[in-house]
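Letter by letter, the sequence shown follows residues 2 to 630 of my numbering.
Where is the CB? At the ideal position from N, CA and C, for every residue including glycine.
This one's a predicted model, so the numbers in the text were calculated from it and none came from an experiment.
Data first, discussion second: the structure below is written as structure tokens.
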Amino acid sequence: PVLALFSPKDTADVNSYLKRQDIRNLLQGDQRYAKFVWGKPETLKDNKGAEIEALQLYALKGNRNNEAPMSGGVITEARDEFDAMGKPSVSMQMSGAGAKAWEELTGKAYREQRSIAIVLDDVVYSAPGVTTGPIAGGNSQISGAFTVSETKDLANVLKAGKLPAAADIIQSEVVGPSLGQEAIDAGINSSLFGLLIVSIWMIFYYGRAGVYANIALAINLLFLFGIMASFGFVLTLPGIAGIVLTMGTAVDSNILFYERGKEELRNGKSLEEAIKSSFSWTGAMRPIFDANVTHILTGIVLYIFGTGPIQGFALTLLIGIITSLFTSIFITRILLDRSAAKGNNLQFSTKITKNWFTNFHFDFLGVKKYTYALSAIIVGVSIFSLATNGLNPGVDFVGGRTFQVRFEDKVSPEVVKDELTAVFGENVEAKVFGNDNQLKITTKYKVEVSGTEADAEVNELLFKGLSKHYSKDMSYEKFVNSYDGKSLGIVQASKVGPTMAEDMKTNSYYAVLGAMAIVFVYLTVSFRKWQYSLGAIASVAHDVIFVLGLYSLTWKYMPFSMEIDQHFIAAILTVIGYSMNDTVIVFDRVREYLAGNVKGSFNDIVNKSVNSTLSRTINTSLTLILVLL
2 PVLALFSPKD TADVNSYLKR QDIRNLLQGD QRYAKFVWGK PETLKDNKGA
52 EIEALQLYAL KGNRNNEAPM SGGVITEARD EFDAMGKPSV SMQMSGAGAK
102 AWEELTGKAY REQRSIAIVL DDVVYSAPGV TTGPIAGGNS QISGAFTVSE
152 TKDLANVLKA GKLPAAADII QSEVVGPSLG QEAIDAGINS SLFGLLIVSI
202 WMIFYYGRAG VYANIALAIN LLFLFGIMAS FGFVLTLPGI AGIVLTMGTA
252 VDSNILFYER GKEELRNGKS LEEAIKSSFS WTGAMRPIFD ANVTHILTGI
302 VLYIFGTGPI QGFALTLLIG IITSLFTSIF ITRILLDRSA AKGNNLQFST
352 KITKNWFTNF HFDFLGVKKY TYALSAIIVG VSIFSLATNG LNPGVDFVGG
402 RTFQVRFEDK VSPEVVKDEL TAVFGENVEA KVFGNDNQLK ITTKYKVEVS
452 GTEADAEVNE LLFKGLSKHY SKDMSYEKFV NSYDGKSLGI VQASKVGPTM
502 AEDMKTNSYY AVLGAMAIVF VYLTVSFRKW QYSLGAIASV AHDVIFVLGL
552 YSLTWKYMPF SMEIDQHFIA AILTVIGYSM NDTVIVFDRV REYLAGNVKG
602 SFNDIVNKSV NSTLSRTINT SLTLILVLL
């Protein structure tokens with residue numbers, strides 16, 4: 002049944018040749034209905050004794066629908082063992098109906114001197130001949146020049162035939178060890194740098210109190226890693242991003258406590274009274290609770306509707322929020338109380354920052370006509386751009402194959418795009434991804450086809466189109482396969498089938514709308530007025546539309562990829578969470594002033610609320626921006 006041996010890099014050309022109708026017409030009778038498939042890769046030696054990798058091309062005889070005479074469902078047992086000569090072999094047992102069909106099939110193969118192919122996912126794992134005539138009873142033994150590992154693989158393939166339905170991989174992702182280690186190193190470095198820069202800012206702005214906040218931050222990270230290790234959570238690359246983000250937000254609660262304490266000191270309270278008032282429910286505790294609950298709710302929605310790595314990001318973020326609350330409420334409070342008991346002069350500021358924003362007052366509502374007009378223009382332009390330019394949906398939402406390919410030198414994405422489009426016969430997208438010698442390549446070629454044959458064909462076409470950008474030392478095997486120390490070729494590959502893409506798109510809509518709906522309900526319950534909830538949702542919707550509009554306006558002109566994928570949805574939900582935080586803090590101050598019978602019109606109260614919380618808003622936003630940068 003073996004027609005010829007081919008190098009893996011030539012299989013794409015062979016497949017294309019065999020699919021041509023004029024070639025099919027040259028075959029006679031049932032031959033034109035033969036199915037051509039590849040065997041497992043094997044290592045051979047050429048005339049010079051050098052090892053080369055080759056694939057065997059098989060011609061399978063079936064009916065006009067290319068169906069096999071027997072399916073693996075009739076196999077009741079398969080195991081690897083040793084034959085009478087002590088050589089590795091595989092034995093299998095069939096059901097009653099299968100035994101009868103097997104006897105007929107082996108008899109026919111024996112008479113016609115043919116082999117019987119064992120095929121899984123269009124890959125031939127073995128093609129033994131029949132040497133003893135028809136096999137009755139359903140018990141058979143497959144022997145040959147096998148190794149123990151090969152017989153184990155073959156037994157597993159035969160067992161796979163017992164599955165009631167074939168496993169169809171609708172999403173897969175492969176990250177090479179080199180890229181994975183680089184991402185881990187980058188994550189660790191960014192975490193350490195983020196921790197350092199946040200710590201420096203907290204000390205600069207809050208002095209000794211900033212040192213206490215940094216201690217709480219360090220303990221928070223220990224708790225975070227400890228919880229993840231205790232429960233065996235897998236730390237994904239988005240999970241590392243969640244940790245970095247946690248460091249930017251872990252000090253938010255401390256900032257709110259400190260700013261409230263600073264106000265209490267200015268009102269004439271002692272340090273002990275200021276600390277107690279700051280950590281009370283009527284002080285900073287309530288807005289901290291409301292802000293973090295809204296953030297937790299969006300994180301839960303992200304975990305429910307996200308998949309794979311995005312769930313890792315959401316889980317890390319949720320754990321980080323909870324541990325941050327614990328350390329800021331308890332650890333920071335203990336350190337502050339000890340400092341006050343020792344008689345330290347704690348001012349929640351330094352000489353430089355003592356009067357920052359203290360007497361600041363800006364009539365925000367006095368310029369509302371201009372800000373409303375500016376906001377209307379931004380929203381209008383964003384909506385118009387979304388309607389005309391649209392967004393650039395990634396493979397997560399439309400399906401496709403994505404490859405992160407690293408080259409020896411700088412390459413032009415436009416040139417690569419044209420070269421690959423010519424090879425694949427359809428449009429291929431190529432964008433710079435990170436460094437100039439690294440591209441993100443996306444194609445929909447045979448994304449609806451599952452199985453190793455289609456994956457191999459795509460890899461071969463990709464290598465064929467890009468091989469000219471590498472030296473002669475770059476082989477197909479080095480280009481495709483993962484190995485330690487790999488720095489060139491495919492460093493990451495992912496595939497999302499159309500079915501999975503549609504599910505992701507639907508879940509993304511549910512996630513964004515669900516997060517807004519849940520937060521709306523919570524704020525209505527917390528503030529006892531739906532107007533607060535509506536205002537918060539309007540503010541968040543404004544931010545989301547602005548971000549989407551910015552993407553819509555720029556994605557066609559940027560040299561790097563700006564795809565809308567699961568990571569983007571995670572970022573949008575994160576924007577919702579943090580946008581809601583600042584909104585809740587301002588609303589809480591409005592509620593406090595209204596309950597305290599503060600004199601003035603409603604506009605005056607809103608202005609005073611925004612101005613009095615401005616230092617909180619700037620500091621919490623700044624620490625997050627510093628980490629993200």
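- How should residue 89 be labelled, buried or exposed, when 16 other C-beta atoms within 10 angstroms of its C-beta is the threshold for buried? Residue 89 is buried by the Cβ-count criterion.
- Distance, residue 84 Cα to residue 165 Cα: Here residue 165 scores only 42 on pLDDT, less than 50, and its place in the model is too uncertain to base an answer on.
- Query: So residue 100 packs on residue 130, CB below 8 Å; how close in whole Å?
  - Reply: Beta-carbon to beta-carbon, residue 100 and residue 130 are separated by about 20 Å, too far to satisfy the 8 Å threshold.
- Query: residue 1 to residue 467, Cα distance in whole Å?
  - Reply: Residue numbering for the chain in the displayed model covers 2 to 630; residue 1 lies beyond these limits and cannot be assessed.
- Message: My assumption, with CB atoms under 8 Å, is that residue 107 sits in contact with residue 135. Please give the rounded CB distance.
- Response: Sure, about 5 Å apart at Cβ, within 8 Å.
- Item | Reduced DSSP secondary structure (H/G/I, E/B, other) of residue 312 | Helix.
- Output the distance between the C-alpha atoms of residue 333 and residue 591, rounded to the nearest integer angstrom. Taken atom to atom, the span from the alpha-carbon of residue 333 to that of residue 591 is near 27 Å.
- When burial is assigned at 16 or more other CB atoms within 10 Å of the CB, is residue 170 buried or exposed? Unreliable positioning characterises residue 170 in this predicted model, as indicated by a pLDDT of 43, which lies under 50. The coordinate reading is nonetheless provided below. Exposed.
- Task: For residue 620, collect the residues of the same chain with a Cβ closer than 6 Å to its Cβ; drop the 5 residues on either side in sequence, then sort them by chain order.
- Result: Excluding the 5 residues flanking it on each side, residue 620 has same chain C-beta neighbours closer than 6 Å at 256, in chain order.
- Query: Are the CB atoms of residue 361 and residue 611 nearer to each other than 8 Å?
  - Reply: A distance of 8 Å or more separates the beta carbons of residue 361 and residue 611.
- Task: Compute the distance between the beta-carbons of residue 91 and residue 152, then report whether it is under 8 Å.
- Result: Going by beta carbons, residue 91 and residue 152 fall inside the 8 Å limit.
- What residues in its chain sit with their C-beta under 8 Å from that of residue 585, if we drop five residues either side in the sequence? So the qualifying residues of the chain are 288, 291, 292, 295, 524, 537.
- Query: Is residue 618 closer than 8 Å to residue 589 when the C-beta atoms are compared?
  - Reply: No.
- Message: Quick check on the DSSP output: the alpha helix (DSSP H) that includes residue 100 runs from which residue to which?
- Response: It spans 97-113 - the alpha helix (DSSP H) in which residue 100 sits, taken as one unbroken run.
- Query: Could you give the uninterrupted runs of the alpha helix (DSSP H) lying entirely in the segment 411-484, keeping only those of 4 residues or more?
  - Reply: Qualifying alpha helix (DSSP H) stretches, in chain order: 414-425, 453-467, 477-481.
- Quick one: residues in its chain with C-beta nearer than 6 Å to the C-beta of residue 302, no 5 flanking neighbours on either side, listed in chain order? Contacts found: 512, 515, 516.
- Task: Count the other C-beta atoms from every protein chain shown that fall within 10 angstroms of the C-beta of residue 306, then say buried if there are 16 or more, exposed otherwise.
- Result: Buried.
- Item | Residues near residue 578 in its chain [Cβ-Cβ closer than 6 Å; skip 5 each side] | So the qualifying residues of the chain are 296, 299.
- Message: For residue 103, which residues in the same chain have their Cβ closer than 8 Å to its Cβ, ignoring the five residues on either side in sequence?
- Response: Around residue 103: 71, 75, 95, 136, 139, 141.
- Message: Based on DSSP bridge pairs, tell me the residues matched to residue 81.
- Response: According to DSSP, residue 81 bridges with 91.
- Determine the direct distance from the alpha carbon of residue 5 to that of residue 475, and round the result to whole angstroms. If you draw a straight line from the Cα of residue 475 to the Cα of residue 5, it is about 25 Å long.
- Query: When burial is assigned at 16 or more other CB atoms within 10 Å of the CB, is residue 119 buried or exposed?
  - Reply: Counting Cβ neighbours within 10 Å, residue 119 comes out buried, since at least 16 surround it.
- Query: Since residue 635 sits in a beta bridge, which residues does DSSP pair it with?
  - Reply: Missing from the structure shown is residue 635; the chain here goes from 2 to 630 and no further.
- Is residue 407 near residue 444, with beta carbons less than 8 Å apart? The answer is no: Cβ separation not under 8 Å.
- Message: Could you check whether the segment 383-394 touches the segment 547-556, counting it as contact only if at least three pairs of C-beta atoms, one from each stretch, sit closer than 8 Å?
- Response: With the cut-off at 8 Å, the segment 383-394 and the segment 547-556 touch.
- Query: Quick check: the segment 453-473 against the segment 406-422, are there 3 or more CB pairs under 8 Å?
  - Reply: Flag = yes, the segment 453-473 and the segment 406-422 touch.
- Taking Cβ positions, are residue 400 and residue 566 nearer each other than 8 Å? Taking C-beta atoms as the reference points, residue 400 and residue 566 fail to come closer than 8 Å.
- Does the segment 269-276 touch the segment 334-341, meaning 3 or more C-beta pairs lie closer than 8 Å? Output reads yes: the segment 269-276 touches the segment 334-341.
- Message: Given this structure, state the Cα-to-Cα distance separating residue 110 from residue 61, to the nearest angstrom.
- Response: Their backbone Cα atoms lie some 13 Å apart in a straight line.
- Item | Straight-line Cα distance separating residue 494 from residue 363 | Rounded to whole angstroms, residue 363 and residue 494 show a C-alpha spacing of 52 Å.
- Message: According to DSSP, residue 331 sits in a beta bridge with which residue or residues?
- Response: BP columns for residue 331 are empty, so no partner.
- Message: Are the CB atoms of residue 38 and residue 461 within a distance shorter than 8 Å?
- Response: The Cβ atoms of residue 461 and residue 38 lie no closer than 8 Å to each other.
- Does DSSP put residue 353 in a helix, a strand or coil? Reduced to three states, the DSSP call for residue 353 is coil.
- Task: Name the two residues that bound the continuous alpha helix (DSSP H) containing residue 298.
- Result: Secondary structure note for residue 298: its alpha helix (DSSP H) is the uninterrupted segment 287-306.
- Task: Specify the secondary structure class of residue 547 as computed by DSSP and reduced to three states.
- Result: In the structure shown, residue 547 sits in a helix (DSSP, three-state: H, G or I).
- Compare the C-alpha of residue 626 against each of 45, 491, 41, 199 and name the closest. Among 45, 491, 41, 199, the Cα nearest to that of residue 626 belongs to 199.
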